[in-house]
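Student:
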Amino acid sequence: MSDRPLISVAAALELVLGHTRALAAEGVALEAAADRYLAEPLVASLDLPPFANSAMDGYALRHDDTRSELTVAGESAAGVPFDGLLGPGQAVVISTGAVLPAGADAVAPIEWVRESADGHVEVPRAVPERNAIRDAGSDVAAGAELLAPGLRLGAAQLGVAASVGASSLRCRRLPSVAVLPTGSELRPAGEPLLRGQIYDSNGPMLRAAAASAGARVTVVPRAGDTHPAHRAAFAAALAHDVVISVGGVSVGGHDLVRAVQRELGVEEVFWRVAMKPGKPLSFGVRERPGQQPTLVFGLPGNPVSALVCFELFVRPALAALQGAAEPGPAFVPARLGAPVRRNAERDELIRVQRGADGSLTPTGGQQSHQLAAAALADGLAMIRAGEGTLPAGAVVDYLPLGPSAGAC
Ligand code: AMP
Ligand code: MG
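Throughout the sequence shown, residue numbering follows the working numbering, covering 1 to 408 in sequence.
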């Protein structure tokens, strides 16, 4: 069984995304839509600006009015338009964003105008036609597509939706995720440790990671390394859109995850990827009547392996479930700031910090149990399998850690 060939990182990602379909769309109030993925295009229902208005504080007038002294006929303030018709020899006080009065075709900024005490103004210089006027539709024309489906909604996107009067948006449902730590050695924080026990770091870590990727997360109580405990925990977890179990997926005698998953109807898609850390990763799907299949990730227990597998495969799957146009992982090229030895057989994801000059420096211990060094990192560098050492200055793929990865 363990001599089955490893699959590549790229092939594994393709399989994960190939089994992942976007969840159904739902209406989401604008104030709750930050970081959600848009399911349908946002089309402008009106022109923006909706009316011609002034770009500056000043006076609305007729540009060909050569008289230098004009009578002030009234005021157009933002939200309080001037209702009359501006005639020859007249000016209307206007503020930024206020409606351009009928009859006016230019605005003289206040700095160009001399105001006299008797209700007249002098404009001692020529004012070009349409000066300081923002025409109706000059930002957005009614009917234009403003935002494309698959886009993650940030502040500017929500602002543009609000600007055309949208009070809610069609977004993909958020995935429900069960995080399932396994291992008889695990204890939750707050309890004393007996000999041989350790605190469960993966449960809280994966809860935070999945939540940052938009998931509604349930952490299933830790399953000890017995068959009944695994069965009960997986049976509960499989009701969710995604199961992220951690530990028990390797070749040890107490590694029960894959066997129990199989018993519960999980169809394994792959097991073991040519990467370091994270080699024992498993992925499968389990049909659910009337719903999309549950995606079932079996992450290796070593905390750095779990973190790396999450960023490479689970975060993109969570984005794809939410309909992301580009689910990631969004690697970008970056230079190594120090030489790095390559692994002959497996692509290696090392934990790095990106300096002010953009170069990448490994953050200390790179073994898969060394989570403390990973906690200092701001990203992962992909060191492709090969012989020898990559010199400082070599360009590699860099993946920022956290929510920005895959967000678009
Ligand atoms: P496993 O994949 O179950 O063989 O676990 C590999 C290593 O990761 C072992 O040293 C485990 O004790 C450790 N480990 C597994 N799960 C966790 C967890 N939730 N928190 C911290 N360490 C873990
Ligand atoms: Mg274990």
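Quick reminder that beta carbons are idealized off the backbone N, C-alpha and C, glycines included.
Keep in mind that this is a model prediction, so the values were computed, not measured.
Roughly how many whole angstroms lie between the Cα atoms of residue 10 and residue 290?
Tutor: 31 Å
Student: Just to confirm, is the Cβ distance from residue 90 to residue 71 under 8 Å?
Tutor: yes
Student: Candidates 305, 246, 182: which alpha carbon is nearest residue 227's?
Tutor: 182
Student: Can we count residue 200 as close to the ligand AMP, meaning its CB is less than 7 Å from some heavy atom?
Tutor: yes
Student: Quick check on this structure: which residue in 203, 54, 390 has the alpha carbon closest to the alpha carbon of residue 335?
Tutor: Looking at the Cα atoms, 390 is the closest of the given residues.
Student: Exposed or buried, residue 262, counting other C-beta atoms within 10 Å across all chains shown (16 or more means buried)?
Tutor: exposed
Student: Could you tell me the distance, in whole angstroms, from the CA atom of residue 257 to the CA atom of residue 167?
Tutor: One C-alpha to the other measures close to 45 Å.
Student: Does residue 273 pass the burial test, meaning 16 or more other C-beta atoms within 10 Å, or should it be called exposed?
Tutor: By the 10 Å Cβ count, residue 273 comes out buried.
Student: For residue 85, collect the residues of the same chain with a Cβ closer than 8 Å to its Cβ; drop the 5 residues on either side in sequence, then sort them by chain order.
Tutor: Residues 101, 102, 103 of the same chain have their beta carbon placed closer than 8 Å to that of residue 85, with the five preceding and five following residues left out of the count.
Student: Report yes if the C-beta of residue 254 is less than 7 Å from at least one heavy atom of the ligand MG; otherwise report no.
Tutor: yes
Student: Let me know if residue 376 comes out buried or exposed under the rule of 16 or more other beta-carbons within 10 Å of its beta-carbon.
Tutor: exposed
Student: With a cut-off of 8 Å on the beta carbons, I'd call residue 39 and residue 144 a contact; round off their distance for me.
Tutor: The Cβ separation is near 19 Å, so there is no contact.
Student: In the DSSP assignment, what residue or residues form a beta bridge with residue 397?
Tutor: 333, 382
Student: Could you pull out every residue in the same chain whose Cβ sits closer than 7 Å to the Cβ of residue 269, ignoring the five residues on either side in sequence?
Tutor: 15, 19, 283, 284, 285
Student: Could you check where the beta strand (DSSP E) with residue 303 kicks off and where it finishes?
Tutor: Unbroken run through residue 303 is the alpha helix (DSSP H), 303-309; no beta strand (DSSP E).
Student: Please return the same chain residues whose Cβ sits closer than 7 Å to the Cβ of residue 171, not counting the five positions on each side in sequence.
Tutor: 25, 26, 28, 33, 36, 37, 38, 39
Student: Please state the DSSP three-state secondary structure of residue 120.
Tutor: strand
Student: With a threshold of 8 Å, are at least 3 pairs of Cβ atoms found where one atom belongs to the segment 212-230 and the other to the segment 183-191?
Tutor: yes
Student: Which residues bound the beta strand (DSSP E) around residue 90?
Tutor: 90-94
Student: Which residue's Cα is closest to the Cα of residue 275: 78, 367, 48, 156?
Tutor: 367
Student: Per DSSP, what are the beta-bridge partners of residue 298 in this structure?
Tutor: 245, 282
Student: Check residue 53 in the structure and name its three-state DSSP category.
Tutor: Three-state result, residue 53: strand.
Student: For the segment 121-129 against the segment 151-159, do three or more pairs of beta-carbon atoms, one drawn from each stretch, fall closer than 8 Å, so that the two count as touching?
Tutor: no
Student: Just mark residue 68 as buried or exposed, buried being the case when its beta carbon has 16 or more other beta carbons within 10 Å.
Tutor: exposed
Student: So, do the segment 294-303 and the segment 336-350 have three or more beta carbon pairs nearer to each other than 8 Å?
Tutor: no
Student: Please return the same chain residues whose Cβ sits closer than 6 Å to the Cβ of residue 403, not counting the five positions on each side in sequence.
Tutor: Closer than 6 Å at Cβ, skipping near neighbours: 212.
Student: Assuming the contact rule is C-beta atoms closer than 8 Å, residue 435 and residue 55 should be a hit. Round their C-beta distance to whole Å, please.
Tutor: Lying before the first or after the last residue shown, residue 435 is absent from the chain, which here runs from 1 to 408.
Student: Could you tell me if residue 116 is buried or exposed, where buried requires 16 or more neighbouring beta carbons within 10 angstroms of its beta carbon?
Tutor: exposed
Student: Per DSSP, which one or two residues make a beta bridge with residue 112?
Tutor: The partner list for residue 112 (beta bridge, DSSP) is empty, contrary to what the question assumes.
Student: Taking only runs that begin and end inside the segment 189-266, name each unbroken beta strand (DSSP E) of 3 or more residues, in chain order.
Tutor: Taking only runs of at least 3 residues, the beta strand (DSSP E) segments lying wholly in the segment 189-266 are 216-219, 242-246.
Student: Over the uninterrupted alpha helix (DSSP H) stretch that includes residue 160, give me the two end residues.
Tutor: 155-163
Student: Going by beta carbon distance, what residues of the same chain come within less than 6 Å of residue 178, once the five residues before and after it are set aside?
Tutor: Excluding sequence positions up to five before and after residue 178, its CB lies within less than 6 Å of the CB of 218, 220, 237, 240, 243, all in the same chain and listed in chain order.
Student: For the alpha helix (DSSP H) that residue 354 lies in, which residues bound it at each end?
Tutor: Segment 347-354 is the beta strand (DSSP E) holding residue 354; no alpha helix (DSSP H) there.
Student: Taking its Cβ as the centre, do 16 or more other Cβ atoms sit within 10 Å of residue 348, making it buried, or is it exposed?
Tutor: Label assigned to residue 348: buried.
Student: Is the beta carbon of residue 397 within less than 7 Å of some heavy atom of the ligand MG?
Tutor: no
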